[in-house]
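Residue numbers (UniProt numbering): 1 to 230.
Where a beta carbon is used, it is the ideal one built from N, C-alpha and C, also for glycine.
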C-alpha cells in the first residue's frame with residue numbers, strides 16, 4: 001500500500017516524513033498558483049529530491065497553477081517521479097500527456113478527480129487512457145485546486161472507480177490515522193494520501209507535518225493492506 005504524504009515545505013520535515021514511512025512525498029514547487037506559504041523554492045525542491053533518491057521515495061510535484069506551459073516547464077526543470085495536476089480550471093488531456101513524456105520521459109502523470117457525486121466515475125474514466133495515476137479527492141478551492149479540504153466523501157463512488165479504471169488510484173480526502181484502515185477495506189486503492197490530518201496548521205497558511213500522526217497513518221495503512229492481502 002503506497003502512503004503518500006502532502007504537503008512538504010522544509011528539508012528536515014521531508015526527511016522525517018520519509019523515515020516515518022512515506023512512499024511518496026508531495027510538494028508545491030514555486031509557481032503562480034497555490035497558497036504562498038506552501039510554495040517551495042526550486043533549490044529546496046532539489047535538496048528534497050536528492051534525499052528521496054537516497055531512500056527510494058517518490059517525489060510528487062503538485063501543480064496548482066492552471067497554466068500547462070508552466071507545468072511543463074517545471075517538469076522539465078525538476079524531472080519529478082510524479083506530476084500531480086490539481087488546478088481548479090485545468091485538467092490533463094492526451095496532448096499534455098504526450099508533451100510531458102517529451103520533456104520528462106520518466107515522470108508519471110497523476111490527475112486529481114473531484115468526487116462530489118456519481119459523475120466522478122465518468123470523469124475518471126475519461127482520464128484513464130492517458131494518465132498513470134488518478135487521485136480521488138474532496139473539495140475545490142481557487143487557492144488549492146482539487147483537495148486540501150480535510151473532508152471525506154462517498155467512498156462507494158471511489159470503490160466503483162477503482163473497479164472501473166486501469167490507472168493506479170490514490171485515495172485522498174480527509175484521510176488520517178483514524179480512518180485510513182477503513183478506507184482501504186472499503187475502496188481497496190493502490191495508495192492512500194494524507195495532508196490535513198497529518199499536519200499542524202499555523203497562522204498565515206503555513207503547515208508542518210505532524211510526524212507521530214504520519215507514522216500512525218503509515219502503520220495503520222500497512223496493517224490494513226496486509227490483512228487484505230493487498
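query: Start and end residues, beta strand (DSSP E) containing residue 201; result: 199-201
query: Helix, strand or coil at residue 8 [DSSP, three-state]; result: coil
query: For residue 91, the nearest candidate out of 104, 77, 30 and 131 (CA to CA); result: 131
query: Meets three-Cβ-pair contact criterion under 8 Å: the region 48-55 and the region 65-73; result: no
query: Residue 137: first and last residue of the uninterrupted alpha helix (DSSP H) it sits in; result: Segment 133-137 is the beta strand (DSSP E) holding residue 137; no alpha helix (DSSP H) there.
query: Sub-8 Å separation of residue 194 and residue 5 beta-carbons; result: yes
query: Beta carbon of residue 187 nearer than 8 Å to that of residue 135; result: no
query: Residue 128 versus residue 15 - alpha carbon distance; result: 32 Å
query: Residue closest to residue 226, alpha-carbon to alpha-carbon, out of 26, 190, 43 and 115; result: 190
query: With 16 other Cβ atoms within 10 Å as the buried cut-off, status of residue 3; result: buried
query: Residue 180 and residue 220 closer than 8 Å at C-beta; result: yes
query: Extent of the continuous beta strand (DSSP E) to which residue 28 belongs; result: 24-29
query: Alpha-carbon to alpha-carbon, residue 185 and residue 217; result: 15 Å
query: Beta-carbon spacing of residue 121, residue 160 below 8 Å; result: yes
query: Residue range of the beta strand (DSSP E) that includes residue 166; result: No beta strand (DSSP E) holds residue 166; DSSP gives it neither H nor E.
query: Exposure label - residue 56; buried when at least 16 CB within 10 Å; result: exposed
query: As assigned by DSSP and simplified to three states, the class of residue 42; result: helix
query: Exposed unless 16 or more other CB atoms sit within 10 angstroms - verdict on residue 39; result: buried
query: Local conformation of residue 100 per DSSP, three classes; result: helix
query: Separation of residue 52 from residue 82, as counted between CA atoms; result: 12 Å
query: Beta carbon of residue 137 nearer than 8 Å to that of residue 112; result: yes
query: Reduced DSSP category for residue 72 - H, G, I as helix; E, B as strand; rest coil; result: helix
query: Among 166, 198 and 97, the one whose alpha carbon lies nearest that of residue 174; result: 198
query: Classification of residue 164 by the beta-carbon crowding that lies within 10 angstroms, buried from 16 upward; result: exposed
query: Nearest-angstrom Cα separation, counted from residue 107 out to residue 77; result: 12 Å
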